[in-house]
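Novice: Protein chains in written order, with our numbering: chain A, 78 to 288; chain B, 78 to 288.
The beta carbon of each residue, even a glycine, is placed where N, CA and C say it ideally should be.
Protein chains: 2
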Amino acid sequence: MEIEAKAPKKEPISPESRSGKVEAIERAAFQLFHERGYGHVSMDEIARSAGVSKATIYSHFADKAELFASLMRANCSMTWVRTELEGRPVEDYRAVLKEVAESYVAILSEKGPMTRMVIAEAPRFPEMAEIFFASGPMASRGALCLYLERVCAAGLLSIPDCDQAASQFFALLRDDIYLRLMLGLPIDDPAAKIRKSIDDAVDLFLRAARA
Amino acid sequence: MEIEAKAPKKEPISPESRSGKVEAIERAAFQLFHERGYGHVSMDEIARSAGVSKATIYSHFADKAELFASLMRANCSMTWVRTELEGRPVEDYRAVLKEVAESYVAILSEKGPMTRMVIAEAPRFPEMAEIFFASGPMASRGALCLYLERVCAAGLLSIPDCDQAASQFFALLRDDIYLRLMLGLPIDDPAAKIRKSIDDAVDLFLRAARA
DNA sequence: GTCTATAGATCGATAGAC
DNA sequence: GTCTATCGATCTATAGAC
């Protein structure tokens, strides 16, 4: 019964039925790129790490830059702040802010290597930086801004500029811990440090915004 | 016997008597590195841009990595927050914070390309990242922390954790404008955006810290 | 589609003349 | 110290067999 052997074959980058080789290439490339940076990774290494030949890579990606850009595009366009804010009641603003903070910090940690790559290669891939900014920080700010405006309209908080305030709230979360993460420096007891960072950010923000 | 007789000869990077060629190499290398990144710059390009031969570069720097590290070390160890805080009276805390913010943002803009390089090459030059963090963000935080403690001791502000607050204050200044700067994205009317960013950061911080 | 083998170009680093 | 010329290694990308 080797009928099904040749069945799913033709799609270059079909939604789901992509060849296992392509996925292996993407996984290996992403890992190597974020470990050592675009300029320090060769196509030979990617091929060896993915368990395929170099020619196989070039049959799926035009060149090294296209492979890199493809990985970045796919990851940049992922949603950043996953917490859904539209349905949340305005009275829970402290809990909501904390959830948003936790979600954001989790994504910062998870996306740290990619952020580093985007920053590093921004001069050579400007459109990638634009996608990253629009789908990441800008989208997060917009979502939080809308919620803050509702809370202010209910008279629970007093914020002069909700859009700026949302930007400030996320900025508060990118403190020294985040810098050390970006720089790849060691952090002792990261869980506790992150928890304190989040709590202090919410506290500072709400002390300033109390009605 | 005459170990010290050849005094003005042996220094690798003597304080002031460096050849004009060395300076040209350093200037050209720094510019190229921050324009295109370590991995995308060749020694041939540096030599051509500096108007010297490649062999001349290698007579002053062991290899490419050493040239890069040398530039980073020199720039990382520069003072970050130049405003002297020790002599400032506690009553002027709003003006002092604004000055610190302006100083910090100016340095962020000025050091933007270098920060990008440090982040990009952190995996390959870990000790460089450590120097950068210690001489930059950490030193700034320490200086501001001491001033905030004095203001709190005078009863003018109420801050639970001055060290954390200093970290938060600088984090507030690294808002979306800073992100766009890091990503090399265009900013329209940067002067006005930066002014507003600083004013809003000081306002938020002081509203939260009022006694 | 996937492989092996290699072309073609570039880069880091050095040798040797002056 | 500085140059020209070049070596050897490495890298991107492709050709051709299966």
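Can you give me, in chain order, the residues of the region 251 to 274 of chain A that have a beta carbon less than 7 Å from any beta carbon in chain B?
Specialist: Residues Arg251, Asp252, Asp253, Leu256, Arg257, Met259, Leu260, Gly261 and Leu262.
Novice: Thinking C-beta only, is A/Tyr115 closer than 8 Å to A/Phe145?
Specialist: In the first sequence, the residue the question calls residue 145 of chain A occupies position 68. In the first sequence, the residue the question calls residue 115 of chain A occupies position 38. It is a contact, given that the beta carbons lie within the stated cut-off.
Novice: In the region 196 to 223 of chain B, which residues sit with their C-beta less than 8 Å from some C-beta in chain A, listed in chain order?
Specialist: Answer set for the region 196 to 223 of chain B: Ile196, Ala197, Glu198, Ala199, Pro200, Arg201, Pro203, Ala206, Glu207, Phe209, Phe210, Pro214, Met215 and Arg218.
Novice: Between which two residues does the alpha helix (DSSP H) carrying B/Thr192 extend?
Specialist: Here residue 192 of chain B refers to the residue found at position 115 when the second sequence is read from its first residue. Tyr170 to Glu198 is the span of the alpha helix (DSSP H), which, as asked, contains B/Thr192.
Novice: With a 10 Å radius around its C-beta and 16 neighbouring C-beta atoms as the bar for buried, classify B/Pro214 as buried or exposed.
Specialist: The residue given as residue 214 of chain B occupies position 137 in the second sequence. B/Pro214 should be labelled buried.
Novice: Count the other CB atoms, across all protein chains shown, that sit within 10 Å of the CB of A/Ser217; report buried if there are 16 or more and exposed otherwise.
Specialist: Residue 217 of chain A sits at position 140 when you count from the first residue of the first sequence. Label assigned to A/Ser217: buried.
Novice: Between B/Gln108 and chain A, is any beta-carbon pair separated by less than 8 Å?
Specialist: On the second sequence, residue 108 of chain B is found 31 positions in, with the first residue counted as 1. No, B/Gln108 does not count as interfacial toward chain A.
Novice: Would B/Ala230 count as contacting chain A if we go by Cβ distances under 8 Å?
Specialist: The residue given as residue 230 of chain B occupies position 153 in the second sequence. With 8 Å as the cut-off, B/Ala230 does not count as an interface residue toward chain A.
Novice: With respect to the alpha helix (DSSP H) encompassing A/Arg218, which residues constitute its N-terminal and C-terminal limits?
Specialist: Looking up residue 218 of chain A in the first sequence gives position 141. Run containing A/Arg218: Ala216 to Ala230, per the alpha helix (DSSP H) assignment.
Novice: Following the continuous alpha helix (DSSP H) through B/Ile275, name the residue where it begins and the one where it ends.
Specialist: Numbered from 1 along the second sequence, position 198 holds the residue referred to as residue 275 of chain B. From DSSP, the alpha helix (DSSP H) with B/Ile275 extends over Pro267 to Ala286.
Novice: Let me make sure I understand the geometry here. Which of B/Arg113, B/Val129 and B/His117 has the alpha-carbon closest to that of B/Lys98?
Specialist: If you number the second sequence from 1, residue 98 of chain B lands on position 21. Nearest C-alpha to B/Lys98: B/Val129.
Novice: Going along chain A, which residues have a C-beta under 7 Å from B/Glu112?
Specialist: As a position in the second sequence, residue 112 of chain B is number 35, starting the count at 1. Under the 7 Å cutoff, chain A gives Pro200.
Novice: Select from the region 120 to 154 of chain B all residues with a C-beta closer than 8 Å to any C-beta belonging to chain A, and list them in chain order.
Specialist: The region 120 to 154 of chain B vs chain A, Cβ under 8 Å: nothing.
Novice: Does the beta-carbon of B/Arg171 have 16 or more other beta-carbons within 10 angstroms, so that it is buried, or is it exposed?
Specialist: Counting from one through the second sequence, the residue named residue 171 of chain B turns up at place 94. Exposed.
Novice: Using CA coordinates, which residue listed in A/Asp277, A/Glu100 and A/Pro267 is at the minimum distance from A/Ser126?
Specialist: By one-based count along the first sequence, residue 126 of chain A stands at place 49. Considering only alpha carbons, the answer is A/Glu100.
Novice: Between the region 251 to 258 of chain A and the region 205 to 214 of chain A, do at least 3 Cβ pairs fall closer than 8 Å?
Specialist: No, the region 251 to 258 of chain A is not in contact with the region 205 to 214 of chain A.
Novice: For B/Arg193 and chain A, any beta-carbon pair shorter than 8 Å?
Specialist: As a first step, residue 193 of chain B is located in the second sequence; it is residue number 116 there, counting from the start. At least one chain A Cβ lies under 8 Å of B/Arg193.
Novice: Any beta-carbon of chain A closer than 8 Å to the one on B/Arg284?
Specialist: In the second sequence, counting from the first residue as 1, residue 284 of chain B sits at position 207. Closer than 8 Å: yes.
Novice: Within the 8 Å Cβ cut-off, does B/Gly189 reach chain A?
Specialist: Stepping through the second sequence from its first residue, residue 189 of chain B is reached at position 112. Chain A contact via Cβ: absent.
Novice: Can you give me the C-alpha to C-alpha distance between B/Met120 and A/Arg113, rounded to a whole angstrom?
Specialist: As a working note, residue 120 of chain B is residue 43 in the second sequence. As a working note, residue 113 of chain A is residue 36 in the first sequence. If you take the alpha carbons of B/Met120 and A/Arg113, they lie about 20 Å apart.
Novice: Under a Cβ-count criterion, where at least 16 other Cβ atoms within 10 Å of its own Cβ denotes burial, should B/Ala269 be classed as buried or exposed?
Specialist: Here residue 269 of chain B is taken as the residue at index 192 of the second sequence, counted from 1. So B/Ala269 counts as exposed.
Novice: In the DSSP assignment, find the alpha helix (DSSP H) that holds B/Arg104 and state where it starts and stops.
Specialist: In the second sequence, the residue the question calls residue 104 of chain B occupies position 27. Its alpha helix (DSSP H) spans residues Gly97 to Arg113.
Novice: If you reduce the DSSP assignment to three classes, tell me which class B/Ser91 lands in.
Specialist: Walking along the second sequence from the start, residue 91 of chain B turns up at place 14. Caution is warranted here: a pLDDT of 41 is assigned to B/Ser91, below 50, making its placement in the model unreliable, and no coordinate value can be reported.
Novice: Rounded to whole angstroms, how far is the Cβ of B/Ala178 from the Cβ of B/Ala278, which I believe are closer than 8 Å?
Specialist: Translated into the one-based positions of the second sequence, residue 178 of chain B becomes position 101. Translated into the one-based positions of the second sequence, residue 278 of chain B becomes position 201. 6 Å between Cβ atoms; contact.
Novice: Compare the Cα-Cα distances from A/Ala142 to each of A/Arg193, A/Ala199, A/Val173 and A/Thr192 and report the closest residue.
Specialist: Reading the first sequence from its first residue, position 65 is the one you call residue 142 of chain A. The shortest C-alpha separation from A/Ala142 is found at A/Ala199.
Novice: Just the chain B side, please: which residues come within less than 7 Å of A/Leu281 by C-beta, in chain order?
Specialist: Taking the first sequence and counting its residues from 1, the one referred to as residue 281 of chain A is at position 204. By Cβ distance, chain B contributes Gln245 and Ala285.
Novice: Quick check: is the beta carbon of B/Tyr170 nearer than 8 Å to any beta carbon in chain A?
Specialist: To locate residue 170 of chain B, count along the second sequence from 1; it is residue 93. No, no contact with chain A.
Novice: Taking the beta carbon of A/Ile264 as the centre, do at least 16 other beta carbons fall within 10 Å, making it buried, or is it exposed?
Specialist: Residue mapping note: residue 264 of chain A aligns to position 187 of the first sequence, counting from 1. Its Cβ having fewer than 16 others within 10 Å, A/Ile264 is exposed.
Novice: Pull up the distance between the alpha-carbon of A/Ala288 and that of A/Ile236, whole angstroms please.
Specialist: As a working note, residue 288 of chain A is residue 211 in the first sequence. As a working note, residue 236 of chain A is residue 159 in the first sequence. Approximately 8 Å between the Cα atoms of the pair.
Novice: Using DSSP with H/G/I as helix, E/B as strand and the rest coil, what is A/Leu260?
Specialist: Numbered from 1 along the first sequence, position 183 holds the residue referred to as residue 260 of chain A. Residue state, collapsed to three classes: coil.
Novice: Return the residue from the list B/Phe202, B/Pro166, B/Lys131 and B/Glu161 that minimises the CA-CA distance to B/Cys153.
Specialist: As a first step, residue 153 of chain B is located in the second sequence; it is residue number 76 there, counting from the start. Of B/Phe202, B/Pro166, B/Lys131 and B/Glu161, the residue nearest in Cα terms is B/Phe202.
Novice: Is there a C-beta anywhere in chain A that falls below 8 Å from the one on B/Ala105?
Specialist: Start at 1 with the first residue of the second sequence, and residue 105 of chain B comes out as number 28. No - not a single Cβ of chain A is within 8 Å of the one on B/Ala105.
Novice: 8 Å is my cut-off, CB to CB: does A/Gly97 come that close to chain B?
Specialist: Residue mapping note: residue 97 of chain A aligns to position 20 of the first sequence, counting from 1. No, A/Gly97 lies away from the interface with chain B (no Cβ there is under 8 Å from its Cβ).
Novice: Measure the beta-carbon distance from A/Arg251 to B/Ile196 and round it to whole angstroms, keeping in mind my assumption that it falls under 8 Å.
Specialist: Indexing the first sequence from 1 puts residue 251 of chain A at position 174. Indexing the second sequence from 1 puts residue 196 of chain B at position 119. No, A/Arg251 and B/Ile196 are not in contact; Cβ-Cβ is about 13 Å, not under 8 Å.
Novice: Let me see if you follow: with CB-CB separation under 8 Å, is B/Asp277 close to chain A or not?
Specialist: In the second sequence, residue 277 of chain B corresponds to position 200, counting from 1. Yes - at least one Cβ of chain A is within 8 Å of the one on B/Asp277.
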